[in-house]
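Using the numbering used here, you'd call the opening residue of the sequence shown number 759 and step up by one each time.
Where is the CB? At the ideal position from N, CA and C, for every residue including glycine.
Okay, structure first, notes after.
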Amino acid sequence: MKRLAGLSPSSPITYLNTPRGTLLYPKDIALEFATHFSNISLDSNFSSDFSSSKLSSLCSPYLPPSTLSQSAEYLDADISELDFNLALSSVKGKTPGIDKISYLIIKHLPPFLISRLVKLYNSIFLSGNYPVLWKTSAIIPILKPGKPPGVVSSYRPISLLPCLGKLIEKIIATRLAWYAQSNNLISHNQVAFKRGQGTLDALLHLDHFISDTLSHKNHVSILSLDFLKAFDRIGIHVVLRQLSRWRVGSRIFNFVKSFLSNRKLSVIISNVSSSVLPLDNGTPQGSPLSVILFTIAFDEISTILSDFVTIRHQIYADDLILFSKTSNLTSVTITFSEILLRLSRWSSTSGTSISFPKSKLFHICKKHQCTIPTLTFDNTNILCTDSIKFLGIVLDSKYTFKKHCQYIRKRLFVNLNIIKYLSCKRSLIGSALLVNVTKALISSVINYGLEIYGHHSKNHLKMLAAPYHSSVRCSLRVFPTSPIKNILTEAGLPSLKDAVEDSLNKLYSKLILSTNFTIKKDFQSSLCRKRSPKIPSSIFKSALFAKTNELPLKILLPCSKYIPPWKVNESSFISDLTFLRKSITPSTVYKSRFLELSAHFKSFDWQFIYTDGSKSSHTSFAVVDDNQQRISYGLLFPFCSIFTAEATGILKAVQYAQQNLGKFIICTDSLSCFQALKNRSNYNDVIIGIRSLLFSLAHRLKIMWIPGHSGIIGNTFADSVAKEVCITPTTTSALFVKSDIKRLIIQQRSTKLALDWMNYRHHYSRINSNRIKPSFPSSLSSNYIIPYIRLRIGHSIITHAHILNGTQINQCPFCDSDLNLLHLLQHCPALQTHRMSNFNNTDPIILLMDPSTTF
């Protein structure tokens, strides 16, 4: 916004107030910041127990297990160029560290330099000595919103690390995250930085717990704990202690030990750098490895809390919330006190510190009055509040989400001002871009947590309607009198009611395919319930959606345990035919080349299997062999995509190869599936299952892409079998992916809206009969788009000014009928000649139906 207004996006730091006076020179300001950030992690600021534990850990050599597990061996394996390329393809950002080497430079390195860089990485990994330069952070202070600029604590440090170092850190972080998740080493209560998990997992479990408790007329007691600068203070010895328990190899252990030791920082103010100061503790900000190391260390809290069976907890990074259900509030308070004592002892040795003034006690029940015992620890009363904010969602004592809707409403009105500014009369920004801005600034705020608060606060949800509808009106630049249904359809946005329902339904695919044990257990318990609870949770609503649509309640996918994504061998894929461009390569050339390849492999006893998928009114797959024998075939749910059908066929073929002796080459004509299998960043559940089996059968299984409809006999037969499945008695395979459920929900929503649209008595339903968002040529000025959209919606100054002015409706000056756009463009007989001369059409409404034919 500041850039659009011609202002600088950030103001330079020109002064800083300190106890010694006001600092004005950049060198002095930079040193003051560096000293402040360094002091946070100094060893002298911690207890003697912390110092002794850290010293003992750093001085003691690591004794790795005599025999490493297979997954631990993968952790210690040499770094390959494939590891390097995977890490480089996933990194973002342009700003380099103090060495001035950016990702863009690294991406343009020639192959021989990449090989030398990988050798350097392996040398570092083998020796366990991380380069000192790569451990030095360049810090840029950024002012926190609403804070006074002259105070050092008002600034947030933004760390810039060398990109060369961050690449190897990304490689090690990927390995550690895989090792932790595949071996279930981090508690299922910690949902941060796990693939497929996030804040929604923690919120869903909390919502299910609270809803179930209130349905049984019980009480929920919640304790929210705030840890003071946990990332900056956690001790290195805590990380190393956890890695030792995980029985990792010496390479990974020594690398992490060196990575976290003897780190330094330098603050930059107005291109002036401070002197380099030490960072004794904490995980380095800005490092890809930092978050997984912090999660590893912080997981000790879950071990402590597991001793308290009546207390549940959820963690996202360092955000911790404890909750329990009981009518005996005194016993819960006593248990909370015991937990605080245990955590306080752990904090004194780990480096973290609980901020008791910022921690909160919270109680939820349906009683009008409820006496809550005081919780005191270390001579500090824990504040008891009537609302609490956890992971961006505000909970109130009656669990109505009224305060959350009020909180969201305030944020929406602030963001609405941005949209008003961008859509002012002087702005030439098109409506399509403004609608996208609305999605980013308004819809994204509403949609976060909508699955949870949306169905609990149906009455309070109305608070969000005004800013939401106003933002859509501004983005289209239509009049305030324009019908809500019209403008939402024109913008391609859902109503709040539809958004709530769709968000709940989309939960089904997340829950049934989730890797989170906690919410999966909640989902299964909801499926087993025969009666609807008095206060249904979001998870129960999703289970109801599954039952109503007769969706599978359990999906069996191949186990992918101990299969690291960076270990898939390129030799498992035969890509020879992909190098021939299908648009210019004749079928005879494809067929001839395939026969050459098949003859070569068959001479080494390789057997060929062909797979195919079909999508029409039904979705099906088929697997056949080289002798035109059917191996497997079946139907999928009608909402499944052709990609899912093709992937299912490959999965069935791989499972057949697993159960039978011999060497197999699976031929698929789906290039998208073939590329997805090769793409290690593709986390489609079916693709992961195929890739896992492919890894375990690498010595006797390969996958080959072949072109469809090129006269290859096996492919032709597989195609015919897949198409015949719909008329053959067979079972439906309960396999699908998340995108298939999204497609089902879109289909259902489209059907409901179509029925509603048929009964909508407004000329806009004729103009936009298919409820399609219009698309305008990119070269078309917004000066033409604005009146065109207003005409489509049907409101203008001449026809609807009376609503704003509070006067009577205007009459047509030619026939005294009520004045509206439909009358002017179609019905008024006196304007027939004008319509023909100006629009060359007696029914100009037709010109409003499709912008592509009008402009």
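Pairing residue 1007 with residue 834 gives a Cβ-Cβ distance under 8 angstroms.
Taking C-alpha positions only, residue 1084 is separated from residue 1143 by approximately 19 angstroms. Residue pairing by DSSP places residue 900 opposite 914 in a beta bridge. With contacts defined by Cβ atoms closer than 8 angstroms, residue 1330 and residue 1460 form a contacting pair. Buried is the label assigned to residue 1055, since at least 16 other Cβ atoms lie within 10 Å of its Cβ. Boundaries of the beta strand (DSSP E) around residue 1391: 1388-1394. Take the alpha-carbon of residue 1252 and the one of residue 1502: they are about 16 angstroms apart. DSSP, read as helix, strand or coil, puts residue 997 in helix.
Checking the DSSP bridge columns, you'll see residue 1368 partnered with 1382 and 1425.
DSSP, read as helix, strand or coil, puts residue 1154 in strand. Shown here for residue 814: same chain residues with a beta carbon closer than 8 angstroms to its own, the five before and five after excluded, namely 995 in chain order. By a beta-carbon distance limit of 8 angstroms, residue 1239 contacts residue 1558. Their separation comes to about 5 angstroms.
Excluding the 5 residues flanking it on each side, residue 1281 has same chain C-beta neighbours closer than 8 angstroms at 1269, 1270, 1272, 1297, 1300 and 1301, in chain order.
In the three-state reduction of the DSSP assignment, residue 1203 falls in the helix class, which pools H, G and I. Bounds of any alpha helix (DSSP H) do not take in residue 1574, whose DSSP letter is neither H nor E. Annotated as proximal: residue 1425 and residue 1473, with beta-carbon spacing under 8 angstroms.
As DSSP reads the structure, residue 1083 sits in a beta bridge with 978. Collapsing the DSSP output to three states places residue 1247 in a helix. The residues 1322, in chain order, have a CB closer than 6 angstroms to that of residue 936 in the same chain once the five nearest residues on each side in sequence are set aside. Within a 10 Å sphere around the beta-carbon of residue 913 sit 16 or more other beta-carbons, which makes this residue buried. If only uninterrupted beta strand (DSSP E) runs of at least 3 residues are considered, those enclosed by the segment 1034-1093 are 1035-1037, 1070-1074 and 1077-1083.
Here residue 1227 is buried, its C-beta having at least 16 other C-beta atoms within 10 Å. Sequence-distant partners of residue 1389 (beyond 5 residues in either direction) whose C-beta falls short of 8 angstroms from its own C-beta, in its chain, are 1367, 1381, 1382, 1383, 1410, 1411 and 1414. For residue 891 against residue 857, the beta-carbon gap comes to about 6 angstroms, under 8 angstroms, which counts as contact.
In this structure residue 1462 touches residue 1332 by the C-beta definition: roughly 4 angstroms separates them, less than 8 angstroms.
Contiguous beta strand (DSSP E) elements confined to the segment 1407-1487 occur at 1421-1426 and 1459-1463, taking only those with 3 or more residues. Exclusion of the five residues before and after residue 832 leaves 1322 as the residues of its chain whose Cβ lies within less than 6 angstroms of its Cβ. Distance between residue 1578 and residue 1182, taken at the CA atoms: about 26 angstroms. Residue 999 holds the alpha-carbon nearest to the alpha-carbon of residue 819 among 972, 999, 1470 and 1565. Taking a cut-off of 8 angstroms on C-beta distances, the segment 1233-1249 touches the segment 1550-1564, as three or more cross pairs fall below it. Below 8 angstroms, enough C-beta pairs join the segment 1390-1404 and the segment 1491-1511 to call them touching: three or more. Sequence-distant partners of residue 1356 (beyond 5 residues in either direction) whose C-beta falls short of 7 angstroms from its own C-beta, in its chain, are 1366.
In this structure the segment 1013-1032 lies against the segment 777-792, because at least three pairs of beta carbons, one per stretch, are closer than 8 angstroms. Separation of residue 1134 and residue 985 (C-alpha to C-alpha, rounded to the nearest whole angstrom) is 17 angstroms.
Check the Cα spacing between residue 1023 and each of 971, 797 and 1478: the tightest is with 797. For residue 1138, the secondary structure class from DSSP, reduced to helix, strand or coil, is strand.
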